Amino acid sequence: MVSWFVRGIRPKAFDAKDGKCVGTVVCKMGEHRGAFRGYIAMLVVLKPYRGRGIATELVTRAIRVMMESGCEEVTLEAEVTNKGALALYGRLGFIRAKRLYRYYLNGVDAFRLKLLFPRPDLGLDPMMMLGDERDGQHMDSPYL
Ligand SMILES: CC(C)(COP(=O)(O)OP(=O)(O)OC[C@H]1O[C@@H](n2cnc3c(N)ncnc32)[C@H](O)[C@@H]1OP(=O)(O)O)[C@@H](O)C(=O)NCCC(=O)NCCS
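Numbering-wise, the sequence shown is residues 1 to 144 according to full-length UniProt numbering.
See below:
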């Protein structure tokens, strides 16, 4: 059984039995080319704990904090061969913005992945992405 997380932009997952850290996501937020953006630098879950939705939960929590902090987008790089990570981020709404040739020291290409948040100045309501329960209606969002 897994117990959860410290709050904030770098959530962690712990084994409830012995308190061991079993997964983490490392992120930052900052200005980049005139935009305030979030960046996911690292995501890892220990092998015996994979396939239980822990990474999804970690990334979802980090993204929620970034969105609430005013980020316009979240980016990261993933190896083109990393099917698990690409599937995970794809399910969370990330798109492949660019292919980076021989990005890693091992010579493997990367995809730059991007998650764009709705812009209020375009008439889109960012609250929709946070899950809006106005009028008792629940808007479906992974960042609830
Ligand atoms: C990638 C990683 C973080 C996934 O952790 P996890 O806790 O097992 O992920 P989740 O259980 O939240 O998986 C959510 C979804 O991601 C996808 N996914 C995750 N691992 C996958 C794999 N090995 N193969 C295919 N799809 C995978 C699936 O769509 C999965 O949903 P499903 O279980 O309903 O099929 C983990 O495998 C890991 O630590 N890998 C090594 C480090 C790494 O590659 N980090 C990412 C760098 S960009």
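Note that CB positions come from ideal geometry on N, CA and C, so glycine has one too.
What you are looking at is a predicted structure, and each value in this text was computed from that prediction instead of being measured.
When R50, T75, F111 are compared against E31, the one with the closest alpha-carbon: As a position in the sequence shown, residue 31 is number 31, starting the count at 1. For the residues R50, T75, F111, the minimum Cα distance to E31 belongs to T75.
Outcome for P11 when other beta-carbon atoms lying within 10 angstroms are tallied against a minimum of 16: By 1-based counting over the sequence shown, the position of residue 11 is 11. Flag for P11 reads buried.
Span of the alpha helix (DSSP H) around A85: Position 85 of the sequence shown holds residue 85. Start and end: 83-91.
Separation of T60 from F94, as counted between CA atoms: For the purposes of this step, residue 94 is taken as residue 94 along the sequence shown, with counting starting at 1. For the purposes of this step, residue 60 is taken as residue 60 along the sequence shown, with counting starting at 1. If you take the alpha carbons of F94 and T60, they lie about 12 angstroms apart.
Span of the alpha helix (DSSP H) around L59: The sequence position of residue 59 within the sequence shown is 59, counting from 1. In the sequence on display, residue 59 carries Val and not Leu. Unbroken alpha helix (DSSP H) run through V59: 54-68.
Proximity to A55 [Cα-Cα], best of P118, R33, C21, K98: For the purposes of this step, residue 55 is taken as the residue at position 55 of the sequence shown. If we check each option's Cα against that of A55, C21 comes out closest.
Cβ distance (whole Å) where E79 is taken to contact V108 below 8 angstroms: As a first step, residue 79 must be located in the sequence shown, where it is residue number 79. As a first step, residue 108 must be located in the sequence shown, where it is residue number 108. Confirmed, Cβ separation roughly 5 angstroms.
Supposed contact pair A87 and I9 - C-beta distance, whole angstroms, cut 8 angstroms: In the sequence shown, the residue the question calls residue 9 occupies position 9. In the sequence shown, the residue the question calls residue 87 occupies position 87. About 24 angstroms separates the two Cβ atoms, so there is no contact after all.
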